[in-house]
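Q: Structure provided below as structure tokens; questions to follow.
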Amino acid sequence: MSVQQFSVFPSLSDSVFSDRFNRIDKLFSQLTGDSPVTSVPAYDLQRVEDNRYALTVSVPGWKEHELEIELRGGRLSVAGHREKPSQEASGEAREENTSWIHRGISRHDFQLSFSIPEHMKVTGASLAEGLLSIDLIQEIPESEKPRRIPIAIGGQRTLEHQ
């Protein structure tokens, strides 16, 4: 499982540390034979307008019924769970007789988790050409939007009735 912070303004230091972490993770994975933490799908996050965002997750080979998007308690989760195909339909009997020379296409379940700002809503999702696109909008109520308070010059002025 991968937990990511949804940040409107990513900092340079985050990307530097992230790159170093990815290198160390790959090194340990090569030494131990485990799959690296960074084997979760790649994603892009784009600001479309002031309050609209687009999250695109690379999921080649996944079907829409194998993917799940959930928004709960300030967390957006994107998960993929492979269905176990029947032996006749998938040709598993044929695969048992073959040996892999290299199997680099990721076929394991995954889960991405993002911490998102308050009042963020998912407005839609689509799957096309191996890309899962999730549309997000942040709708802040008028009562919670920042507002400018005017400052009076020279104190209060009172009107006298004559």
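According to UniProt numbering, the sequence shown is numbered sequentially starting from 1. Built from N, CA and C at the ideal position, the CB exists for glycine as well. Please read all numbers here as calculations on a predicted model, not as lab measurements.
#1: Threshold first: 4 residues or longer. Then list the alpha helix (DSSP H) segments lying entirely within the segment 54–127, N to C.
#2: Measure how close the beta-carbons of residue 121 and residue 144 come, nearest whole angstrom, since I'm counting them as under 8 Å.
#3: Distance, Cα to Cα, residue 58 vs residue 114?
#4: Taking C-alpha atoms, which residue in 40, 27, 141, 31 lies nearest to residue 60?
#5: Count the CB pairs spanning the segment 74–83 and the segment 97–111 that are closer than 8 Å, and state whether there are at least three.
#6: Tell me which residues share the same chain as residue 62 and place their Cβ nearer than 7 Å to its Cβ, disregarding the 5 neighbours each side in the sequence.
#7: The beta strand (DSSP E) spanning residue 143 covers which residue range?
#8: So, are the CB atoms of residue 134 and residue 125 less than 8 Å apart?
#9: Within its chain, find whatever has a CB closer than 7 Å to the CB of residue 137; leave out the 5 residues flanking it on each side and keep chain order.
#10: On the DSSP bridge assignment, give the partners of residue 131 in chain order.
#11: Have a look at residue 68 and residue 55 and give me their C-alpha separation to the nearest angstrom.
#12: Helix, strand or coil: which one does DSSP assign to residue 24?
#13: For the beta strand (DSSP E) that residue 50 lies in, which residues bound it at each end?
#14: Buried or exposed for residue 9, please, with buried defined as at least 16 other CB atoms from any protein chain shown within 10 angstroms of its CB.
#15: Quick check: is any heavy atom of the ligand ZN less than 7 Å from the C-beta of residue 146?
A: Looking at the atomic coordinates:
#1: 87–90, 92–96
#2: No, residue 121 and residue 144 are not in contact; Cβ-Cβ is about 15 Å, not under 8 Å.
#3: Spanning the two alpha carbons is a distance of roughly 16 Å.
#4: 40
#5: yes
#6: 80
#7: Taken as a continuous stretch (DSSP letters only), residue 143 belongs to no beta strand (DSSP E), as it is neither H nor E.
#8: Their beta carbons are under 8 Å apart, which means residue 134 touches residue 125 by this criterion.
#9: The beta carbon of residue 137 sits closer than 7 Å to those of 51, 52, 121, 123, all from its chain and outside the five residues before and after it, given in chain order.
#10: Among the bridge pairs identified by DSSP, residue 131 is matched with 58, 128.
#11: 14 Å
#12: helix
#13: Taken as a continuous stretch (DSSP letters only), residue 50 belongs to no beta strand (DSSP E), as it is neither H nor E.
#14: A caution first: residue 9 carries a pLDDT of 41, below 50, which makes its placement in the model too unreliable to give a value.
#15: The model depicted lacks the ligand ZN and carries no ligand whatsoever.
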